[in-house]
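Below is one structure; the comments refer to it alone.
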Amino acid sequence: MDAFKMPATRSASPSRRIAIVGAGAIGGHFAARLALAGHRVSLLARGATLEALRRDGLRYQSPDAPEQRVPVEAHARAEEIGAQELVVIALKSQSLPGLAASLAPLLDAQSVVLPVGNGLPWWFCLVPGQPLEGLRLQSVDPDGGVERALPFAQVLGGSVMASCSCPAPGVVRHHSGNRITIGEPAGGVS
1 MDAFKMPATR SASPSRRIAI VGAGAIGGHF AARLALAGHR VSLLARGATL
51 EALRRDGLRY QSPDAPEQRV PVEAHARAEE IGAQELVVIA LKSQSLPGLA
101 ASLAPLLDAQ SVVLPVGNGL PWWFCLVPGQ PLEGLRLQSV DPDGGVERAL
151 PFAQVLGGSV MASCSCPAPG VVRHHSGNRI TIGEPAGGVS
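Note that the sequence shown ends on residue 190 in UniProt numbering; no numbers are left out.
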């Protein structure tokens, strides 16, 4: 697995369709950095955060730049977004079981799912050959619904090294760190 620094500015690479599920501190940080790099970013949000994003856009504060209003699309339902190339799951692990089935419209056969939530992911015991293979983590996937909704074959593992906060709905403050390590859950190269 390699670590890379998330882009701070627009890149020369082609724009990608990216959905971020969860518009909190880490989801907002991902959304801002990817949108500022030129990608088409859609945020799946709810409540006061959804209202603020629709009204004001994503307000992003960072040590290396003054507050920016970042152009993102904000939606309440996955059906409004459609299939994406990359789906970043930026939720607390315990929130995913109640939402996983509703994320199906974000995925097609080529979509990549990148969970970046806290704690062990639902797929941890699905990795072939490891000692816990075949067990189910009841706390993060009690009935197997997450595994059914988000196919293991389309998942990349992610570990975020960034300190961020949400001082208000639709506002993300990046304090320090800007790295993510991404890799195949079972090792290997893709």
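Cβ coordinates follow ideal geometry from the N, Cα and C atoms, glycine included. Quick caveat: nothing in here was measured; it's all calculated off a predicted structure.
Among the options, which has the Cα closest to the Cα of residue i?
i: alanine 35; options: Ala48, Leu132, Val112 and Gln68; result: Gln68
i: residue 237; options: Ala149, Phe30 and Pro128; result: Lying before the first or after the last residue shown, residue 237 is absent from the chain, which here runs from 1 to 190.
i: alanine 168; options: Ala101, Ile20, Gly47 and Arg17; result: Gly47
i: leucine 91; options: Ala109, Val140 and Ala52; result: Val140
Hey, how far is the Cα of residue i from the Cα of residue j?
i: arginine 55; j: arginine 173; result: 18 Å
i: tyrosine 60; j: cysteine 125; result: 36 Å
i: isoleucine 180; j: isoleucine 26; result: 11 Å
i: tryptophan 122; j: leucine 99; result: 13 Å
i: serine 165; j: histidine 29; result: 9 Å
i: glutamine 110; j: serine 93; result: 24 Å
i: arginine 77; j: proline 115; result: 18 Å
Identify the residues that DSSP records as bridge partners of residue i: which are they?
i: isoleucine 20; result: Leu43 and Val88
i: alanine 74; result: Leu43
i: threonine 49; result: None; threonine 49 has no bridge partner.
i: cysteine 164; result: His174
Anyone know if the C-beta pair for residue i and residue j falls short of 8 Å?
i: glycine 157; j: glycine 183; result: yes
i: alanine 101; j: glycine 144; result: no
With a cut-off of 8 Å, do at least 3 Cβ pairs link the stretch 34 to 43 to the stretch 58 to 73?
yes
Cβ contact check for the stretch 47 to 61 and the stretch 77 to 93: 3 or more pairs under 8 Å:
no
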